[in-house]
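Worksheet: the structure to be examined is printed underneath.
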Amino acid sequence: MGRYLVTGGAGYVGSHLVHALVDRGDAVVVLDDLRQGHRAAVPAAAELVVADLADAKRLAEVFAGWRFDAVFHFAALSLVGESMRDPARYIIENVGNSMRLADAAVKAGVLRFVLSSTAALFGDPEVVPIEEEARLAPANTYGDSKLMVERGLDWMDRVHGLRSACLRYFNAAGADPAGRAGEDHDPETHLVPLAIGAALGTRPALTVFGDDYPTPDGTCIRDYIHVADLADAHLRVLERLEQGSCRYNLGTGTGYSVKQVIEAVGRIGGRPVPHSYGPRRAGDPAVLVAGSAKLRRETGWAPRFGTLDDIVRTACAWHNAHPQGYGDRG
Ligand code: UDP
2 MGRYLVTGGA GYVGSHLVHA LVDRGDAVVV LDDLRQGHRA AVPAAAELVV ADLADAKRLA
62 EVFAGWRFDA VFHFAALSLV GESMRDPARY IIENVGNSMR LADAAVKAGV LRFVLSSTAA
122 LFGDPEVVPI EEEARLAPAN TYGDSKLMVE RGLDWMDRVH GLRSACLRYF NAAGADPAGR
182 AGEDHDPETH LVPLAIGAAL GTRPALTVFG DDYPTPDGTC IRDYIHVADL ADAHLRVLER
242 LEQGSCRYNL GTGTGYSVKQ VIEAVGRIGG RPVPHSYGPR RAGDPAVLVA GSAKLRRETG
302 WAPRFGTLDD IVRTACAWHN AHPQGYGDRG
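With this note's numbering applied, the sequence shown covers 2 to 331.
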């Protein structure tokens with residue numbers, strides 16, 4: 002049994018990892034300020050500490066109270082558009098909080114750190130699928146803030162021996178197959194929940210951002226990876242950290258277009274997705290697909306919910322059961 006600190010563990014991807022850790026009998030402390038996270042997303046078996054990562058004193062207390070084996074760091078600002086309106090805030094919060102957390106971990110003797118990173122590190126890629134060695138060229142402040150954290154963690158390894166795994170997520174989607182957690186952001190900007198909400202009538206009709214991309218059907222292609230598979234990758238990478246720091250791109254290696262997502266939601270949910278076509282969204286590359294060979298080879302990971310239908314099926318089930326999400330918005 003391990004003991005883990007999970008920041009942002011009440012959020013979308015974080016809560017799915019917390020469930021996976023608790024399911025295998027680990028002790029988990031979730032540190033979350035509940036700005037985006039949901040109390041109801043945290044399983045009863047995990048301890049929830051409601052605190053801000055900027056609070057160094059509180060952080061030190063949390064580390065002093067437990068002998069953690071590793072830290073999983075999910076808590077971050079993650080809206081690309083917002084990051085381009087207020088870059089300083091993204092750098093101050095994402096980089097400052099991450100380094101404060103890494104520092105607290107090292108001071109407490111915790112030398113294993115897993116970072117939620119992002120495909121936004123690669124900007125508009127020159128080559129697809131995107132391998133780990135691809136050029137790092139973030140096209141927005143959000144992506145660059147994560148790159149700065151990755152680089153900060155490199156230094157923490159060289160200087161203090163803090164081993165880190167930086168996991169560059171492609172498009173996290175889907176919901177806990179057991180129905181215990183799902184996707185509920187405010188504001189919601191992600192395609193799958195917006196398409197399902199449009200079909201259910203709980204959200205307005207979907208606007209497709211551009212149908213003039215150089216792709217077979219003209220809409221953008223993304224690599225949607227199921228959150229339960231993402232959680233599984235975190236557990237495998239934790240083992241891999243015993244051999245040293247590592248960096249992985251987390252996707253399935255298969256891309257789907259916006260039109261394919263709309264079709265799947267309509268077919269699986271049983272109601273068509275009302276939608277119209279609008280202009281492109283600034284900064285959206287035509288195709289983002291991960292090269293997943295390194296992750297598969299080095300950790301034995303393989304997606305268990307590897308098709309778009311698996312993703313849409315679990316997401317539809319959660320949204321059908323929770324039409325207002327976790328229902329804790331004012
Ligand atoms: N998208 C869209 N309409 C929306 C939201 C998203 O057409 O209301 C498209 C977006 O342009 C991208 C894909 O859906 O090609 C996935 O977008 P999302 O915001 O879910 O993830 P991102 O790729 O930005 O991380």
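Glycine included, each C-beta is placed from N, C-alpha and C at the ideal position.
Predicted, not measured: the structure shown is a model, and the values here were computed from it.
Item                                                                                                     : Value
Local Cβ density within 10 Å of Arg40, reported as buried at 16 or more and exposed below that           : exposed
Length-filtered (4 minimum) alpha helix (DSSP H) runs lying within the region 165-246                    : 192-201, 228-241
Distance cut-off 6 angstroms: Asn172 Cβ against heavy atoms of the ligand UDP                            : yes
CB of Tyr143 within 7 angstroms of CB of Tyr91, strictly                                                 : yes
Through-space distance from Gln261 to Ile131, alpha-carbon basis                                         : 21 angstroms
Inter-residue Cα distance where the pair is Ser258 and Gly267                                            : 14 angstroms
Cβ-Cβ distance between Ala166 and Ala21 below 7 angstroms                                                : no
Run of the alpha helix (DSSP H) containing Glu83, from where it starts to where it stops                 : 81-86
Identified DSSP bridge partners for Cys250                                                               : The sequence given here places Asn at residue 250; Cys does not occur at that position. The partner list for Asn250 (beta bridge, DSSP) reads Arg169.
Best match in Glu243, Val150, Gly82, Met85 for proximity to Gly97 [C-alpha to C-alpha]                   : Val150
Test item: CB-CB of Gly326 and Asp185 under 7 angstroms                                                  : yes
Proximity of Gly284 and Ala140 at Cβ, strictly below 7 angstroms                                         : yes
Same chain only: Cβ atoms within 8 angstroms of Val81, ignoring 5 sequence neighbours per side           : Ala121, Asn141, Tyr143, Gly144, Gly284
Arg314, enclosing alpha helix (DSSP H) - first and last residue                                          : 309-322
Beta-carbon gap between Thr315 and Gly175 smaller than 7 angstroms                                       : yes
Proximal residues to Phe75 (C-beta, below 8 angstroms), its chain only, five neighbours per side dropped : Val7, Thr8, Gly9, Gly10, Gly12, Val14, Gly15, Leu18, Ser117
Cβ shell of Leu251 (< 7 angstroms), same chain only, five flanking positions each side left out          : Leu168, Arg169, Tyr170, Phe171, Ile226, Leu231, Ala234, Ala291, Leu296
Rounded C-alpha distance that separates Met85 from Ser99                                                 : 20 angstroms
Pairwise C-alpha distance: Leu148 and Thr208                                                             : 30 angstroms
Helix, strand or coil at Val150 according to DSSP, with G and I counted as helix                         : helix
Own chain, CB closer than 6 angstroms to Pro304, minus 5 neighbours either side, in chain order          : Asp230, Thr253
Helix, strand or coil at Asp24 according to DSSP, with G and I counted as helix                          : helix
Proximity below 7 angstroms, CB of Gly270 to CB of Ala200                                                : yes
Which residues DSSP lists as bridging Gly279, in chain order                                             : Phe210
Residue-chain proximity (Pro205, chain C), Cβ-Cβ < 7 angstroms                                           : Given the protein chain composition of this structure (a single chain), no chain C is represented.
Proximity winner among Trp319, Pro44, Phe114, relative to Gly1 (alpha-carbon distances)                  : Here the chain comprises residues numbered 2 to 331, so residue 1 is not present and cannot be evaluated.
Val50 in three-state terms, based on DSSP                                                                : strand
Nearest-angstrom Cα separation, counted from Gly202 out to Ala135                                        : 41 angstroms
Rounded separation between Lys58 and Pro324 - CA only                                                    : 39 angstroms
Assumed close pair Phe123, Ala71 - CB separation to whole angstroms, cut-off 8 angstroms                 : About 26 angstroms separates the two Cβ atoms, so there is no contact after all.
Inter-residue CB distance, Gly301 and Arg248 (contact presumed, cutoff 8 angstroms)                      : Their Cβ separation, rounded to whole angstroms, is 17 angstroms, which puts Gly301 and Arg248 out of contact at 8 angstroms.
Buried/exposed call for Pro273, threshold 16 Cβ in 10 Å                                                  : exposed
Beta-carbon proximity list for Ala42, same chain, < 6 angstroms, skipping 5 on both sides                : Ala11, Ser16, Ala182
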